[in-house]
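Just below is one structure, and these are the notes that go with it.
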Amino acid sequence: GNSVTQMEGPVTLSEEAFLTINCTYTATGYPSLFWYVQYPGEGLQLLLKATKADDKGSNKGFEATYRKETTSFHLEKGSVQVSDSAVYFCALSDQSGGSYIPTFGRGTSLIVHP
Amino acid sequence: GAGVSQTPSNKVTEKGKYVELRCDPISGHTALYWYRQSLGQGPEFLIYFQGTGAADDSGLPNDRFFAVRPEGSVSTLKIQRTERGDSAVYLCASSSMTGRGKNIQYFGAGTRLSVL
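Set out below in structure tokens:
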């Protein structure tokens, strides 16, 4: 079956530091990969996605590259801000029976200090 | 509305009671999903609707859990004889099956259920 493994948090950084949150996956098919972000008190929001090998998803300064050879989709940002403090979820989905039900990782909490 | 709306935002109940959780999806979204999120975990799939019908209910943990979507819009998740282990945040998401936003899930803020 499908599974997603994320690095455990919390990740604590100072403002303007470089961010990496590791994500690796196991899938029986050829999935699409996603990063979702959950700000305090809000629902999950799609941050970025990639649908095939070597695709790079990017949004709000965050990037992640679909690496089929290492089954990874690590999230990076060059300079974090306090407003980036949130929980980040890596997820994958494949079209199983016509649906795109994602499998989520456990989430990684990011705390950015001024 | 503009986004996915879930009510109530918080629900406290006693063990053995019946609860209903409501999800109002984005207008026009035909796909609707329910998830359960326990503390420190990612969302766990429960059930998926395409229109009025449950296309996949393989994630429902047992027969105490049931969900309906009678008119293809609002959905209700129903939990009978609640147990303390049912305490979690219940998330709803909807998606369109067409257009640029195809298959992108939009989540509500969730209902935090506490079973005492």
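As they're listed, the protein sequences go chains A and B. Numbered according to the working numbering, the first sequence spans residues 18 to 131. Numbered according to the working numbering, the second sequence spans residues 67 to 182. Built from N, CA and C at the ideal position, the CB exists for glycine as well.
- Residues of chain A whose Cβ lies closer than 8 Å to the Cβ of B:D129 do not exist, since the nearest Cβ in that chain is about 21 Å away.
- Contact annotation: in the segment 53-65 of chain A, residues whose CB is within less than 9 Å of a CB in chain B are Y53, Q55, G58, E59, G60, L61, Q62, L63.
- The Cβ atoms of B:S141 and B:G94 do not sit closer than 8 Å to each other.
- A distance below 6 Å between beta-carbons, with the five flanking residues on each side excluded, links A:S96 to the following residues of its chain, in chain order: E33.
- At a C-beta separation below 7 Å, B:I170 has these neighbours in chain A: L63.
- At least one beta carbon of chain A lies nearer than 8 Å to the beta carbon of B:L157.
- Fewer than three Cβ pairs drawn from the segment 124-131 of chain A and the segment 83-94 of chain B lie within less than 8 Å of each other, which leaves the two stretches out of contact.
- Under the 10 Å beta carbon count, B:A133 is surrounded by 16 or more other beta carbons and is classified as buried.
- For A:R123, at least one C-beta of chain B is nearer than 8 Å to its own C-beta.
- Counting C-beta pairs with one atom in each stretch, the segment 49-69 of chain A and the segment 92-112 of chain A have three or more that are closer than 8 Å, which means they touch.
- The DSSP-derived three-state label of A:V97 is coil.
- In the three-state scheme derived from DSSP, where H, G and I count as helix and E and B as strand, B:R135 is classed as coil.
- Cβ atoms of A:T43 and A:N19 come within 8 Å of each other, at about 7 Å.
- Counting every other CB atom within 10 Å of its CB across the protein chains shown gives B:F173 a total of 16 or more, marking it as buried.
- The beta carbons of B:A175 and B:Q103 sit no closer together than 8 Å.
- Flagged as an interface residue toward chain A: B:D122, by a C-beta distance shorter than 8 Å.
- Runs of the beta strand (DSSP E) lying entirely within the segment 55-111 of chain A and spanning at least 3 residues, in chain order: 62-67, 73-76, 79-82, 92-94, 103-110.
- The C-beta of B:K144 has fewer than 16 other C-beta atoms within 10 Å across all chains shown, which makes the residue exposed.
- The Cβ of A:F90 sits no closer than 8 Å to any Cβ of chain B.
- With a threshold of 8 Å between beta carbons, A:Y117 makes contact with chain B.
- Non-local beta-carbon contacts of A:F51 in its own chain, meaning distances under 6 Å to residues more than five positions away in sequence, involve K66, A108 in chain order.
- Within chain B, the residues G108, P109 have their CB atoms less than 8 Å from the CB of A:F106, given in chain order.
- Scanning A:E25, A:S110, A:F90, A:L36 for the CA closest to the CA of B:G106 turns up A:E25.
- For the options B:D129, B:R130, B:K81, B:T96, the alpha carbon positioned closest to that of B:F115 is the one of B:T96.
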